[in-house]
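Asker:
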Amino acid sequence: MDGFYERTTKDSINIDPLQTGGKLSEAARRALVEWGDGYSVCDFCPGTLDQIKTPPIYNFIHEELPEFLGCDVARVTNGAREGKFAIMHGVSSSYKCEKKAVVMDANAHYSSYVAAERAGLKVLLVPNSGYPEYKMDPEGYSEAIDSNDVVLALVTYPDGNYGNLPDVRKIAKICRKKGVPLLLNAAYAVGRMPVKMKELGADFIVGSGHKSMASAGPVGVMGMKEEFADLILRKSERHPAKEVELLGCTARGVTIMTLIASFPHVKSRIKKWGKEVEKARYFSKQVERFGIIQLGEKPHNHDLMFFESEILYNISKKAKGGRFFLYRELKKRRIHGIKPGLTRYFKLSTYGLRKEEIEYVINSFEEIISKYTKTAENN
Ligand SMILES: *Cc1c(COP(=O)(O)O)cnc(C)c1O
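Read in order, the letters of the sequence shown are residues 122 to 500 in the working numbering.
#1: What are the boundary residues of the alpha helix (DSSP H) that Gly330 is part of?
#2: Between the Cα of Phe509 and those of Phe467, Cys163, Ile182 and Gln407, spot the shortest distance and give me the residue it belongs to.
#3: Run the proximity test for Asn100: is its beta-carbon closer than 6 Å to any non-hydrogen atom belonging to ligand 1?
#4: Which residue from Ala307, Gln140 and Pro187 puts its Cα closest to that of Leu474?
#5: Just the C-alpha distance for Ala293 and Gly281, rounded to the nearest angstrom, thanks.
#6: Alpha carbon to alpha carbon, how far is Thr198 from Lys476?
#7: Quick check: what's the CA-CA separation for Cys166 versus Arg196?
#8: Ala372 and Ala149: beta carbons closer than 7 Å?
#9: Using CA atoms only, rank isn't needed, just tell me which of Val235, Gly300 and Lys406 is closest to Thr471.
#10: Taking Glu188 as part of the alpha helix (DSSP H), name the residues at either end of that continuous run.
#11: Exposed or buried, what is Glu397 when buried is set at 16 or more other beta-carbons lying within 10 Å of its beta-carbon?
#12: On the criterion of 16 or more Cβ atoms from any shown chain inside 10 Å, does Arg501 qualify as buried, or is it exposed?
#13: Ignore the nearest five residues each way along the sequence and tell me which others in Phe272's own chain have a CB closer than 6 Å to its CB.
#14: I want to check one thing, is the minimum distance from the CB of Tyr255 to the heavy atoms of ligand 1 below 6 Å?
#15: Helix or strand or just coil, what does DSSP make of Glu448?
#16: Quick one: measure Cβ to Cβ for Val318 and Val194, integer angstroms, because I've assumed they're closer than 8 Å.
#17: Nearest-angstrom Cα distance between Met225 and Leu245?
#18: Over what stretch of residues does the beta strand (DSSP E) that includes Gly341 continue unbroken?
#19: DSSP on Ala149, reduced to helix/strand/coil?
#20: Ignore the nearest five residues each way along the sequence and tell me which others in Phe325's own chain have a CB closer than 6 Å to its CB.
#21: For Ala201, verify whether its CB is less than 6 Å away from any heavy atom of ligand 1.
#22: Could you round the C-beta distance between Ser250 and Lys256 to whole angstroms and report it? I think they count as a contact, below 8 Å.
#23: Looking at the unbroken beta strand (DSSP E) that takes in Thr198, where does it start and where does it end?
#24: Does the beta-carbon of Phe467 have 16 or more other beta-carbons within 10 angstroms, so that it is buried, or is it exposed?
#25: Quick one: is Ala362 buried, meaning 16 or more other Cβ sit within 10 Å of its Cβ, or exposed?
#26: Contact defined as beta carbons within less than 8 Å: I believe Gly204 pairs with Leu425. What is the distance between those atoms, to the nearest angstrom?
#27: Do Gly341 and Gly200 come within 7 Å of each other at the CB atom, strictly closer than that value?
#28: Let's test the definition: count the other Cβ atoms within 10 Å of the Cβ of Phe125 and tell me whether it reaches 16, buried, or not, exposed.
#29: Hey, would you say Ser333 sits closer than 7 Å to Gly458, going by beta carbons?
#30: Tyr126 lies in the alpha helix (DSSP H); which residues open and close that run?
#31: Is DSSP giving Phe428 helix, strand or coil here?
#32: Going by CA-CA distance only, name the one from His386, Phe486, Leu451 and Leu286 that's closest to Thr130.
#33: Roughly how many whole angstroms lie between the Cα atoms of Ile490 and Glu185?
#34: Check whether the Cβ of Lys332 sits closer than 6 Å to any heavy atom of ligand 1, and report yes or no.
#35: Pick from Gly328, Gly395 and Arg128: whose alpha carbon is nearest that of Val276?
#36: Applying the 10 Å Cβ sphere with the 16-neighbour rule, what's the burial state of Asp132?
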């Protein structure tokens with residue numbers, strides 16, 4: 122049973138975009154042990170999670186979080202998707218019409234579709250610009266909103282495939298003119314980079330604790346303008362302390378404690394966002410020298426990057442182990458995070474990596490490519 126407790130990848134350099142922003146801070150690691158027991162935060166619960174004063178959850182949810190998100194009212198959820206569903210369901214329930222739709226960008230995350238499906242909303246997609254940058258044109262929102270009974274618009278900021286940051290301010294202006302509230306899906310932004318909901322003109326925001334806020338998961342955050350609070354956070358008729366869209370309670374244990382424990386670390390790390398963007402751009406420029414080409418916005422504005430690599434793909438056709446060669450070669454060098462079997466298209470993230478680690482990853486790619494192209498020449 123010993124091996125079960127061991128995570129073999131934990132000492133590797135991790136470039137998996139899903140994982141780079143969710144690494145625990147030291148404080149969160151301690152909180153994890155201290156608060157690990159089941160409903161540990163409920164010792165002094167007066168009836169709702171956000172009202173718990175000891176540990177200081179009340180202060181976090183009502184003071185620190187709204188300020189951090191740039192919103193009026195905030196809640197902690199079990200993840201970005203739970204926040205999206207609560208918002209979609211809440212907004213949708215206030216409309217009497219039958220045909221209801223949510224407009225979202227073509228780069229939207231699958232969990233946005235699924236949340237919409239569960240809320241009974243039809244999904245209208247705003248197209249992106251296609252290969253190679255896959256950018257969102259804000260004007261697309263205008264057309265999509267005109268064509269239907271749209272109750273909500275959603276924009277993914279940045280999207281989880283290309284790491285593109287759409288022009289939210291413009292999109293928000295369009296939505297406001299049409300009278301449609303805008304939800305900012307900031308699962309890859311909140312906790313990594315500075316993002317303020319109201320400054321960007323959005324009405325709702327969601328973030329992901331385990332993805333971008335150095336927390337154990339599942340946990341997330343949700344913010345909104347005051348005017349939507351009564352609707353989204355409406356109380357149960359029978360249990361007047363409990364918020365219906367949150368099913369009465371959300372992160373009722375250790376996950377919220379890791380989120381709070383990491384918060385000072387997260388607040389300070391977003392100040393170094395400029396450096397993170399620099400690192401990503403540097404990485405992209407270096408690997409393009411050997412034929413690993415970055416798609417999505419260029420110059421890039423986020424640590425999540427998508428690459429196309431004909432050269433690695435061609436190698437995989439002949440290499441021993443076929444398309445798994447890249448995974449194996451990286452694993453040998455203790456680099457983790459590109460899915461086994463991918464060679465032609467893959468994404469990675471440089472978030473939080475030290476300069477030497479970035480150099481090491483770049484050199485490793487160069488070494489692998491040159492190793493396999495040399496063998497080919499010799500054959
Ligand atoms: C990861 C991701 C999500 C899902 O976040 P959860 O907190 O796990 O629900 C949603 N949207 C985008 C864009 C993501 O990248």
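Glycine included, every Cβ here is placed at the ideal spot set by N, Cα and C.
This structure is a prediction, so every number in the text was calculated from the model and none was measured.
Answerer: In short:
#1: Here residue 330 refers to the residue found at position 209 of the sequence shown. Note, Gly330: alpha helix (DSSP H), Gly330 to Ser333.
#2: This structure does not reach residue 509, given that the chain is present from 122 up to 500, and the question cannot be answered.
#3: Since the displayed the chain opens at 122 and closes at 500, residue 100 lies outside it and no answer follows.
#4: As a working mapping, residue 474 is identified with position 353 in the sequence shown. Checking every option, the nearest Cα to that of Leu474 belongs to Gln140.
#5: Mapped onto the sequence shown, residue 293 falls at position 172. Mapped onto the sequence shown, residue 281 falls at position 160. Answer to the nearest angstrom: the Cα atoms are 20 Å apart.
#6: Working through the sequence shown from its first residue, we reach residue 198 at position 77. Working through the sequence shown from its first residue, we reach residue 476 at position 355. In a straight line, the C-alpha of Thr198 is about 34 Å away from that of Lys476.
#7: Looking up residue 166 in the sequence shown gives position 45. Looking up residue 196 in the sequence shown gives position 75. Computed Cα separation, rounded: 16 Å.
#8: Looking up residue 372 in the sequence shown gives position 251. Looking up residue 149 in the sequence shown gives position 28. In this structure, Ala149 does not lie closer than 7 Å to Ala372 by Cβ.
#9: Mapped onto the sequence shown, residue 471 falls at position 350. Checking every option, the nearest Cα to that of Thr471 belongs to Lys406.
#10: Residue numbering aside, residue 188 sits at position 67 when the sequence shown is read from its first letter. Unbroken alpha helix (DSSP H) run through Glu188: Leu186 to Leu190.
#11: Stepping through the sequence shown from its first residue, residue 397 is reached at position 276. Glu397 comes out buried.
#12: No information on residue 501 is available, as it lies outside the stretch 122 to 500 that the chain covers here.
#13: Against the sequence shown, residue 272 aligns to sequence position 151. For the sequence presented, residue 272 should be read as Val rather than Phe. Val212, Ser213, Tyr216 and Lys221, listed in sequence order.
#14: As a position in the sequence shown, residue 255 is number 134, starting the count at 1. No; taking the cut-off as 6 Å, the Cβ of Tyr255 has no heavy atom of ligand 1 nearer than that.
#15: Working through the sequence shown from its first residue, we reach residue 448 at position 327. For the sequence presented, residue 448 should be read as Tyr rather than Glu. Reduced to three states, the DSSP call for Tyr448 is helix.
#16: As a working mapping, residue 318 is identified with position 197 in the sequence shown. As a working mapping, residue 194 is identified with position 73 in the sequence shown. Note that residue 318 is Met in the sequence shown, not Val. At roughly 11 Å, the Cβ-Cβ gap does not stay under 8 Å, so Met318 and Val194 are not in contact.
#17: Counting from one through the sequence shown, the residue named residue 225 turns up at place 104. Counting from one through the sequence shown, the residue named residue 245 turns up at place 124. Met225 and Leu245: Cα-Cα distance of roughly 6 Å.
#18: Within the sequence shown, numbered from 1, the residue matching residue 341 stands at position 220. Start and end: Gly341 to Met345.
#19: The residue given as residue 149 occupies position 28 in the sequence shown. Looking at Ala149 - three-state DSSP - the assignment turns out to be helix.
#20: Taking the first residue of the sequence shown as 1, we reach residue 325 at position 204. If we look at Phe325 and ignore the five residues flanking it on each side, its Cβ neighbours are Ile208, Leu304 and Met345.
#21: Start at 1 with the first residue of the sequence shown, and residue 201 comes out as number 80. True, at least one ligand heavy atom lies under 6 Å from that Cβ.
#22: Here residue 250 refers to the residue found at position 129 of the sequence shown. Here residue 256 refers to the residue found at position 135 of the sequence shown. 4 Å between Cβ atoms; contact.
#23: The residue you call residue 198 lines up with position 77 of the sequence shown. Counting along the chain, the beta strand (DSSP E) containing Thr198 begins and ends at Val194 to Thr198.
#24: Here residue 467 corresponds to residue number 346 of the sequence shown, with the count starting at 1. Buried is the call here.
#25: Translated into the one-based positions of the sequence shown, residue 362 becomes position 241. Exposed: under 16 other Cβ atoms inside 10 Å.
#26: As a first step, residue 204 is located in the sequence shown; it is residue number 83 there, counting from the start. As a first step, residue 425 is located in the sequence shown; it is residue number 304 there, counting from the start. Rounded, the Cβ-Cβ distance is 20 Å, inconsistent with contact.
#27: Along the sequence shown, one-based indexing puts residue 200 at 79. Along the sequence shown, one-based indexing puts residue 341 at 220. Contact flag set, yes.
#28: Taking the sequence shown and counting its residues from 1, one reaches residue 125 at position 4. When all chains shown are included, Phe125 counts as exposed.
#29: The residue given as residue 333 occupies position 212 in the sequence shown. The residue given as residue 458 occupies position 337 in the sequence shown. Result no, Cβ atoms of Ser333 and Gly458 do not sit closer than 7 Å.
#30: For the purposes of this step, residue 126 is taken as residue 5 along the sequence shown, with counting starting at 1. Element bounds for Tyr126: n/a, residue is neither H nor E.
#31: Looking up residue 428 in the sequence shown gives position 307. It is a strand residue.
#32: The residue you call residue 130 lines up with position 9 of the sequence shown. Per the Cα distances, Leu451.
#33: In the sequence shown, residue 490 corresponds to position 369, counting from 1. In the sequence shown, residue 185 corresponds to position 64, counting from 1. Rounded to the nearest angstrom, the two C-alpha atoms are 48 Å apart.
#34: What you label residue 332 is simply residue 211 of the sequence shown in a count that begins at 1. At least one heavy atom of ligand 1 is nearer than 6 Å to the Cβ of Lys332, so yes.
#35: If you number the sequence shown from 1, residue 276 lands on position 155. Nearest C-alpha to Val276: Gly328.
#36: Within the sequence shown, the letter at position 11 stands for residue 132. Classification for Asp132: exposed.
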